[in-house]
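Below is one structure, written out as structure tokens, with a few remarks after it.
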Amino acid sequence: MKMTFRWYGEGDCIPLQYIKQIPNMSGVVTAVYDTPVGEVWEESKIARLKSLCDEAGLEMEVIESVPVHEDIKLGKSSRDKLIANYAQTIRNLGKFGVKCICYNFMPVFDWFRTDLHYVQANGAECLAYKEADFRKLDKHNLRLPGWDESYTPEQLNGLLKEYEGMTHEQLFENLVYFLKVILPACDETGINMAIHPDDPPWDIFGLPRIVGRESDYDRLFAAVPNKHNGITFCTGSLGAGRFNDLPKMAAKYASRIYFAHLRQLKFVNETDFYENGHQTSDGNVDIYAIVKALVENGFDGYVRPDHGRNIWGEDGKPGYGLYDRALGAAYLNGMFEAVEKDGK
Ligand code: DNO
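Structure (structure tokens):
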């Protein structure tokens with residue numbers, strides 16, 4: 065495995081040098097952030113990012129994310145041009161040594177939590193989900209914590225309207241259509257696509273979600289068997305669904321898992337949870353069993369510590385501060401070393 069760390073480009077307040085100082089850190093997971101969704105990422109922008117990483121002694125082999133335009137998810141006639149642009153971005157990234165692209169196919173919203181500043185008894189701050197707070201939200205007048213606030217309320221309402229009546233089957237067909245058109249660019253460049261699960265892995269605000277459980281992956285790989293069609297195995301997203309058996313899924317799909325987001329969550333009742341330190345004993349996600357399942361089944365992809373808490377007085381981007389993610393990386397490094405050595 066290669067340990068990596070998410071870095072939000074030049075706007076990130078965490079310097080690359082600090083990331084490099086974390087033991088066993090091979091590279092960063094980053095993106096071009098100033099190109100509108102749907103347009104081709106220019107080579108000059110990718111080159112700039114790459115040279116910053118090179119200077120810091122870090123690889124740039126994983127991109128998270130190249131976002132998918134809503135028209136592609138909606139299956140509109142404008143999608144062909146947008147998908148061609150996406151394929152061109154893949155080709156451009158391939159020229160700079162990128163090996164894996166993380167993306168998602170969630171309509172309108174990306175990951176979702178109801179609280180970005182949940183304070184734990186020990187004073188640490190983290191992200192949390194509370195069903196009762198979720199139910200209070202009015203989808204037409206949303207002020208959601210964390211997600212991209214680039215939509216005006218009018219745009220958001222317009223978009224939600226366009227999705228009205230969209231079924232899971234249609235959304236799935238639109239995903240398959242998208243993959244079939246871009247995969248030749250992956251065959252050429254060797255880049256693996258790694259779809260991020262829906263977070264949380266169920267429909268929200270009446271929008272269909274199609275990547276959140278074992279049967280979804282079975283269906284996806286049956287429809288698109290190409291080996292470049294792979295997974296970002298996000299334990300926090302999949303783990304929010306109590307119906308998912310994560311070690312089983314990790315074992316079953318290990319050869320398709322190109323990227324693992326390892327994070328912890330702790331349920332406080334049937335539906336509500338908060339995110340916690342990475343350690344298995346800190347929550348409901350059995351990190352040890354997942355790492356073991358991955359390693360024993362030949363996983364050889366990228367790993368990153370995911371959502372950390374804000375600790376030690378840090379006021380970092382929620383989920384993405386330095387300290388707790390660095391602790392997570394150290395824990396995961398030890399876990400992989402032990403499990404890998406045991407297997408030899
Ligand atoms: C949350 C992240 C996601 C992820 C995208 C991938 O912290 O894991 O936002 O980057 O869903 O496209």
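The numbering of the sequence shown is the working numbering, which starts it at 65 and goes up by one.
Quick reminder that beta carbons are idealized off the backbone N, C-alpha and C, glycines included.
Boundaries of the beta strand (DSSP E) in which residue i is found, first to last residue
| i | result |
| --- | --- |
| residue 290 | From DSSP, residue 290 is part of no beta strand (DSSP E); its letter is neither H nor E. |
| residue 323 | 321-326 |
| residue 185 | Careful: residue 185 lies outside any beta strand (DSSP E) and carries neither H nor E. |
| residue 167 | 164-167 |
| residue 237 | Where residue 237 is concerned, there is no enclosing beta strand (DSSP E), although the alpha helix (DSSP H) it sits in stretches over 232-253. |
| residue 409 | This structure cannot settle anything about residue 409, because the visible part of the chain is limited to 65 through 408. |
| residue 337 | 337-340 |
| residue 70 | 66-70 |
| residue 91 | 89-94 |
Distance between beta carbons of residue j and residue i, contact taken as under 8 Å
| i | j | result |
| --- | --- | --- |
| residue 392 | residue 386 | That belief does not hold up - the Cβ atoms of residue 392 and residue 386 are roughly 11 Å apart, past 8 Å. |
| residue 407 | residue 191 | At roughly 33 Å, the Cβ-Cβ gap does not stay under 8 Å, so residue 407 and residue 191 are not in contact. |
| residue 259 | residue 169 | 6 Å |
| residue 117 | residue 92 | 6 Å |
| residue 70 | residue 368 | 6 Å |
| residue 193 | residue 285 | Actually they are not in contact, since the Cβ atoms of residue 193 and residue 285 sit about 29 Å apart, beyond 8 Å. |
| residue 131 | residue 167 | 7 Å |
| residue 404 | residue 359 | 6 Å |
| residue 298 | residue 370 | 7 Å |
| residue 348 | residue 303 | 7 Å |
| residue 140 | residue 235 | At roughly 13 Å, the Cβ-Cβ gap does not stay under 8 Å, so residue 140 and residue 235 are not in contact. |
| residue 124 | residue 90 | Residue 124 to residue 90, Cβ: 10 Å. No contact. |
| residue 163 | residue 126 | 7 Å |
| residue 274 | residue 239 | 7 Å |
| residue 321 | residue 257 | No, residue 321 and residue 257 are not in contact; Cβ-Cβ is about 12 Å, not under 8 Å. |
| residue 173 | residue 268 | 7 Å |
| residue 171 | residue 272 | 7 Å |
| residue 409 | residue 151 | As shown, the chain starts at 65 and ends at 408. That puts residue 409 outside it, with no answer to give. |
First through last residue of the alpha helix (DSSP H) which encompasses residue i
| i | result |
| --- | --- |
| residue 401 | 387-406 |
| residue 347 | No alpha helix (DSSP H) contains residue 347, which DSSP labels as neither H nor E. |
| residue 218 | 217-226 |
| residue 145 | 143-158 |
| residue 127 | No alpha helix (DSSP H) contains residue 127, which is instead part of the beta strand (DSSP E) from 123-128. |
| residue 109 | 107-120 |
| residue 80 | 80-84 |
| residue 136 | 134-138 |
| residue 103 | That residue, residue 103, is in no alpha helix (DSSP H); it is neither H nor E in DSSP. |
| residue 304 | Where residue 304 is concerned, there is no enclosing alpha helix (DSSP H), given that its DSSP letter is neither H nor E. |
| residue 195 | 195-199 |
Residues that DSSP places opposite residue i in a beta bridge
| i | result |
| --- | --- |
| residue 368 | 325 |
| residue 190 | 182 |
| residue 295 | 259 and 321 |
| residue 269 | The partner list for residue 269 (beta bridge, DSSP) is empty, contrary to what the question assumes. |
| residue 330 | 338 |
| residue 205 | In the DSSP output, where bridge partners are listed per residue, residue 205 has none listed. |
| residue 374 | 189 |
CB contact below 8 Å: residue i versus chain D
| i | result |
| --- | --- |
| residue 202 | Note that chain D does not occur in the displayed structure, where there is just one protein chain. |
Cβ neighbour criterion (16 or more within 10 Å) applied to residue i
| i | result |
| --- | --- |
| residue 133 | buried |
| residue 401 | exposed |
| residue 266 | exposed |
| residue 314 | buried |
| residue 292 | buried |
| residue 262 | buried |
| residue 364 | exposed |
| residue 307 | exposed |
| residue 231 | exposed |
| residue 100 | exposed |
| residue 119 | exposed |
| residue 339 | buried |
| residue 389 | buried |
| residue 199 | exposed |
| residue 189 | buried |
| residue 81 | exposed |
| residue 186 | exposed |
| residue 85 | exposed |
| residue 135 | buried |
| residue 178 | buried |
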